[in-house]
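S.K.:
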Amino acid sequence: MAEQSYRDAIKDALREEMRRDERVFILGEEVGVWGGTYAVTRGLYDEFGAKRVRDTPIAESVIVGAAIGAAMGGLRPVAELMTINFSLVAMDQIVNNASKMFYMFGGQFSCPVVIRTPAGWGQLAATHSQSFEAWYASLPGLIVAMPATPRDAKGLLKRALRSNNPVMFIEHARLYNVVGEVPDGDYTIPFGVSEIKRAGRDVTIVSYSRMLHVALAAANKLAQENIEATVIDLRTLRPLDLAPVIESVKQTHRALIVEEDWVTCGMGAEIAARIGKDAFDYLDAPVERLGAIEVPMPYSKPLEALALPEEKHIIARVKEMLT
Amino acid sequence: MINTATVANIQPATRDATLSVTREQGLELWRQMVLIRRFEERAEQAYTEGKIGGFMHLYIGEEAIAVGALAGLNPDDDVVTHYRDHGYALARDLAPNALMAELYGKATGVCKGKGGSMHFADPRKHFWGGYAIVGGHIPLAVGLAFAAQYQNQPRVAVAIFGDGATNIGMFHESLNMAKVWNVPLIILVENNQYGMGTAVQRASAVPDMITKALAYNIPAIQVDGNDVLAMREVMLNAAQNARRGEGPQFIEAHTYRWRGHSMGDPQRYRSKDEVEKMKTRDPIARFENRLLEYARATQDDFARGRAEVERVAAEAIEFAETSPFPDPAELYTDVFAPEVTNG
Ligand SMILES: Cc1ncc(C[n+]2csc(CCOP(=O)(O)OP(=O)(O)O)c2C)c(N)n1
Ligand SMILES: [Mg+2]
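Quick mapping for you: the protein sequence lines, in order, are chains Y and X.
So the first sequence is numbered by the working numbering: it starts at 4 and just counts up by one.
So the second sequence is numbered by the working numbering: it starts at 2 and just counts up by one.
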């Protein structure tokens, strides 16, 4: 085990898979000469050259579409979209091509393309601070991974690069510098396996990506007041593994979902509905959700801070649920 | 018309090739066109009987483009087309039975009844499918062309779509990046003068589609799309150039669709006179005259050929009618490809 940043873990996954498999190549805006907008691909251009680390025009539709076509043609493309906000311009390719290909043509061919893109924020205002994971997770045929830790980022990305299916791999701009333990050697993490990060008897907190860290911090504070939370990291949003969540809720009788997208029609809505169905008789309180306030993201720092849930909100909400 | 003197890349428009194929090849091209037409006439009839549903876009009147274009390609060149895909599937030799069964939504369909008219495909024949979002498949062809380039394979990829699709963003993104990457892509635009009910001049800022290719420095040519041999020649030439590493090539084929945009189109946007006038340019009848004149073909050849095509089309209907619908369990299959187990 070595400590590594989320950014470097992703870079290593790319590098190792590119060394292992000639078919893997990267395309996207500023991935090559520049070294990646968030420096994830820095160094790969020098190692693999312009053939395999390909700068593209600012044209998200053809970046994703050509990646899908290249996957049909036998390659293993990694399309990097500078941020998830720009994925909207490529939405048609993701929705109508990538996620439909296998079914629509009767299982004759799939398109194993990996679309890497960060969600996140940081005084970037309304169009550059969004989280669309729930939109993508609603699509049958598309795998959606949203790792929270360096270990999971590397393992899930390697898994994605060996998958036969299209994968939306959603990173988080505020996690790139987060450091964590990463196993030595080659490993992958399967899709559709949630992880219990912390076990506690009083409440089940469900989260993923950056909010997982906030939830864990809140759980640690709650523990000082003798409130024990279970915290579960979903890791992939499709397939969505809620079995451990249901099991846990049966013990704790309370569930709180913490997400960074808007609460209305967000991931939490789906999770709450399923808990309500599969653990109805065990609930001692309504399933609760914490997510972004329902406004376009403002620029001003104090306003931006108000728009997202923080540790203190989680703590307060859990206490409310327990009274 | 574009001024060829000022635009070096544009080659002269229509050409009237003398017979550039053997008698057998000529008769085979003719047979393919007749098969497409009869297949579609039978499908049209089945549709009006309620046996086929959804959107079905007929190719009748445009057959020479698919037949000529694919005759100019190798069988392993990658083809990606729009929803008006029956002609291309038949010209790529997908089985008429499996195609008709697909229209009927039967389990024996080429896509197990999950695709329908707009989504014929067979990857074993490098026929990567019909796509129903206007322009949405053009980037796929860029990717397929790139895959060939990356793997040093001599294949080219062809993106096929209509005049209307040249107005959408994905067309422009694709041409631009294809040129920057210099991939072996052939862009084939079927200019049938309408996108649904909107005439080209009401939708496109420029009357000639090739002008748009020139904006991206892509060599472009206009061709009479109702001339199967001219189609074949421009495709042979484009494929040769692309295979030689000269990058994307652009073909604008002029044609006219005889039927409505799709089944049930009331066609308020054009007159019956116009349609009748354009039908005099029937690609099949014109080619028959050429074959009679230059290839010693006889009316007997045509009669025999028509009887054979009739039999194939009738058998396709019979096959589709007698095939079972998909098992209800099929609803749930093929959402995801089987995941690898070794990784
Ligand atoms: C993005 C998108 N917008 C609109 C449509 C509806 N539509 C289907 S075909 C068509 C016309 C396309 O015309 P053209 O590209 O000239 O091809 P043609 O049908 O004439 O062969 C339209 C508007 C669609 N399928 N996709
Ligand atoms: Mg048209």
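Positions of the beta carbon are idealized from the N, C-alpha and C atoms, including for glycine.
(1) Give the straight-line distance between the Cα atoms of residue 296 of chain X and residue 27 of chain X, rounded to the nearest whole angstrom.
(2) Please determine whether the Cβ atom of residue 266 of chain X lies at a distance below 7 Å from any heavy atom of ligand 2.
(3) Is residue 1 of chain X helix, strand or coil when you go by DSSP?
(4) Drop a sphere of 10 angstroms on the beta-carbon of residue 44 of chain X, count the other beta-carbons inside from all chains shown, and report buried for 16 or more, exposed for fewer.
(5) Following a CB-centred definition, is residue 165 of chain X positioned closer than 7 Å to any heavy atom of ligand 2?
(6) For the stretch 113-182 of chain Y, which segments carrying the alpha helix (DSSP H) assignment without a break, of at least 4 residues, lie completely within its bounds, in sequence order?
(7) Tell me the rounded alpha-carbon separation between residue 34 of chain Y and residue 186 of chain Y.
(8) Just to check, is the beta-carbon of residue 242 of chain X closer than 7 Å to a non-hydrogen atom of ligand 2?
(9) Is residue 92 of chain Y helix, strand or coil when you go by DSSP?
(10) Which of the residues in the stretch 231-257 of chain X, read from start to end, lie with their CB under 9 Å from any CB of chain Y?
(11) Scan the stretch 112-132 of chain X for residues whose Cβ lies nearer than 8 Å to a Cβ of chain Y and list them as they occur along the chain.
(12) Please list, in chain order, the chain X residues whose beta carbon lies closer than 7 Å to that of residue 166 of chain Y.
(13) Answer yes or no: do residue 198 of chain X and residue 165 of chain X have a C-beta to C-beta separation smaller than 8 Å?
(14) Applying a beta-carbon distance threshold of less than 8 Å, which residues of chain Y neighbour residue 300 of chain X?
(15) Thinking C-alpha only, which one of X:270, X:229, X:116, X:107 is nearest residue 111 of chain Y?
(16) What residues from the stretch 35-57 of chain X come within 8 Å of chain Y, judged by C-beta to C-beta, listed N to C?
(17) Quick check: is any heavy atom of ligand 1 less than 7 Å from the C-beta of residue 133 of chain X?
(18) Note down, in chain order, every chain Y residue with its Cβ under 8 Å from the Cβ of residue 261 of chain X.
(19) Would the beta-carbon of residue 205 of chain Y fall within 8 Å of that of residue 231 of chain Y?
(20) Would residue 177 of chain Y and residue 213 of chain Y be called neighbours here (beta carbons separated by less than 8 Å)?
(21) Drop a sphere of 10 angstroms on the beta-carbon of residue 280 of chain Y, count the other beta-carbons inside from all chains shown, and report buried for 16 or more, exposed for fewer.
(22) Is residue 61 of chain Y buried or exposed, if buried means 16 or more other CB atoms sit within 10 Å of its CB?
(23) Identify whether residue 283 of chain X lies in helix, strand or coil by the three-state DSSP scheme.
(24) Using a 10 Å radius around the Cβ and a threshold of 16 neighbouring Cβ atoms, would you call residue 103 of chain X buried or exposed?
(25) Give me whichever residues DSSP pairs with residue 250 of chain X in a beta bridge.
(26) Listing by chain order, which chain Y residues have their CB less than 7 Å from the CB of residue 181 of chain X?
(27) Which residue's Cα is closest to the Cα of residue 299 of chain Y: Y:286, Y:266, Y:43?
(28) I want to see whether chain X comes within less than 8 Å of residue 64 of chain Y, judged by CB atoms only; does it?
(29) Does the distance between the C-beta of residue 62 of chain X and the nearest non-hydrogen atom of ligand 2 fall short of 7 Å?
(30) Using three-state DSSP, classify residue 3 of chain X as helix, strand or coil.
(31) Note down, one range per segment and in chain order, each alpha helix (DSSP H) of at least 4 residues found wholly within the stretch 20-46 of chain X.
(32) Under 7 Å from any heavy atom of ligand 2, does the C-beta of residue 193 of chain X make it?
(33) Look at the alpha carbon of residue 139 of chain Y and the alpha carbon of residue 296 of chain Y, and state the distance between them as a whole number of angstroms.
(34) Mind checking whether the beta-carbon of residue 196 of chain X lies closer than 7 Å to any heavy atom of ligand 2?
(35) Closest to residue 221 of chain X by C-alpha separation, out of X:254, X:233, X:201, X:228, would be which residue?
(36) Tell me whether residue 85 of chain X, by its Cβ, gets closer than 7 Å to a heavy atom of ligand 1.
M.R.: Let me lay it out:
(1) Position 295 of the second sequence, counted from the first residue, corresponds to residue 296 of chain X. Position 26 of the second sequence, counted from the first residue, corresponds to residue 27 of chain X. Linking residue 296 of chain X to residue 27 of chain X through their CA atoms gives a straight-line distance of about 8 Å.
(2) The sequence position of residue 266 of chain X within the second sequence is 265, counting from 1. Not so, every heavy atom of ligand 2 lies at least 7 Å from the Cβ.
(3) Absent from the model: residue 1 of chain X. The displayed extent of chain X is 2 to 344, so no value can be given.
(4) The residue labelled residue 44 of chain X in the question sits at position 43 within the second sequence. Classification of residue 44 of chain X: buried, given that the 10 Å Cβ count is 16 or more.
(5) By one-based count along the second sequence, residue 165 of chain X stands at place 164. Result yes, Cβ under 7 Å from ligand 2.
(6) 136-140, 153-164
(7) Taking the first sequence and counting its residues from 1, one reaches residue 34 of chain Y at position 31. Taking the first sequence and counting its residues from 1, one reaches residue 186 of chain Y at position 183. Going by the C-alpha atoms only, they are around 26 Å apart.
(8) Taking the second sequence and counting its residues from 1, one reaches residue 242 of chain X at position 241. Checking the Cβ of residue 242 of chain X against ligand 2 gives no.
(9) For this step, residue 92 of chain Y is matched to residue 89 along the first sequence. Looking at residue 92 of chain Y - three-state DSSP - the assignment turns out to be helix.
(10) For the stretch 231-257 of chain X, the set of residues with a beta-carbon nearer than 9 Å to any beta-carbon of chain Y is empty.
(11) 112, 113, 114, 115, 116, 120, 122, 123, 124, 129, 130, 132
(12) Along the first sequence, read from residue 1 onward, the residue named residue 166 of chain Y stands at position 163. Within chain X, the residues placing a beta-carbon under 7 Å from that of residue 166 of chain Y are 340, 341, ordered along the chain.
(13) Looking up residue 198 of chain X in the second sequence gives position 197. Looking up residue 165 of chain X in the second sequence gives position 164. Taking 8 Å as the Cβ cut-off, residue 198 of chain X and residue 165 of chain X do not qualify as a contacting pair.
(14) The residue labelled residue 300 of chain X in the question sits at position 299 within the second sequence. Under the 8 Å cutoff, chain Y gives no residues; its nearest Cβ is about 41 Å from residue 300 of chain X.
(15) For the purposes of this step, residue 111 of chain Y is identified with residue 108 of the first sequence, where counting begins at 1. Out of X:270, X:229, X:116, X:107, X:116 has the C-alpha closest to the C-alpha of residue 111 of chain Y.
(16) none
(17) Stepping through the second sequence from its first residue, residue 133 of chain X is reached at position 132. Yes - ligand 1 has a heavy atom lying nearer than 7 Å to the Cβ of residue 133 of chain X.
(18) In the second sequence, counting from the first residue as 1, residue 261 of chain X sits at position 260. For the C-beta of residue 261 of chain X, not a single chain Y residue is nearer than 8 Å; the gap to the nearest is close to 24 Å.
(19) Here residue 205 of chain Y corresponds to residue number 202 of the first sequence, with the count starting at 1. Here residue 231 of chain Y corresponds to residue number 228 of the first sequence, with the count starting at 1. Cβ distance < 8 Å, so residue 205 of chain Y and residue 231 of chain Y count as in contact.
(20) Position 174 of the first sequence, counted from the first residue, corresponds to residue 177 of chain Y. Position 210 of the first sequence, counted from the first residue, corresponds to residue 213 of chain Y. Contact: yes.
(21) Walking along the first sequence from the start, residue 280 of chain Y turns up at place 277. Exposed, since its Cβ has fewer than 16 Cβ neighbours within 10 Å.
(22) Translated into positions along the first sequence, residue 61 of chain Y becomes position 58. When all chains shown are included, residue 61 of chain Y counts as exposed.
(23) Looking up residue 283 of chain X in the second sequence gives position 282. Note: residue 283 of chain X maps to coil in three-state DSSP.
(24) As a first step, residue 103 of chain X is located in the second sequence; it is residue number 102 there, counting from the start. By the 10 Å Cβ count, residue 103 of chain X comes out buried.
(25) Here residue 250 of chain X corresponds to residue number 249 of the second sequence, with the count starting at 1. Answer is X:187.
(26) Residue 181 of chain X sits at position 180 when you count from the first residue of the second sequence. Ordered by position in chain Y, the residues that pass the 7 Å Cβ test against residue 181 of chain X are 60.
(27) Looking up residue 299 of chain Y in the first sequence gives position 296. Among Y:286, Y:266, Y:43, the Cα nearest to that of residue 299 of chain Y belongs to Y:266.
(28) Locating residue 64 of chain Y in the first sequence gives position 61, where the first residue counts as 1. Answer yes: the Cβ-Cβ gap between residue 64 of chain Y and chain X drops below 8 Å somewhere.
(29) Walking along the second sequence from the start, residue 62 of chain X turns up at place 61. No, ligand 2 has no heavy atom inside 7 Å of this Cβ.
(30) Residue mapping note: residue 3 of chain X aligns to position 2 of the second sequence, counting from 1. Reliability of the predicted coordinates at residue 3 of chain X is poor, the pLDDT of 38 falling under 50, and the value obtained from them is presented with this limitation in mind. Note: residue 3 of chain X maps to coil in three-state DSSP.
(31) none
(32) In the second sequence, counting from the first residue as 1, residue 193 of chain X sits at position 192. Yes; taking the cut-off as 7 Å, the Cβ of residue 193 of chain X has a heavy atom of ligand 2 nearer than that.
(33) As a position in the first sequence, residue 139 of chain Y is number 136, starting the count at 1. As a position in the first sequence, residue 296 of chain Y is number 293, starting the count at 1. Straight-line Cα distance between these residues: approximately 20 Å.
(34) The count along the second sequence starts at 1 and reaches residue 196 of chain X at position 195. Residue 196 of chain X: yes, Cβ under 7 Å from ligand 2.
(35) What you label residue 221 of chain X is simply residue 220 of the second sequence in a count that begins at 1. Among X:254, X:233, X:201, X:228, the Cα nearest to that of residue 221 of chain X belongs to X:254.
(36) The residue labelled residue 85 of chain X in the question sits at position 84 within the second sequence. Within the cutoff, so yes.
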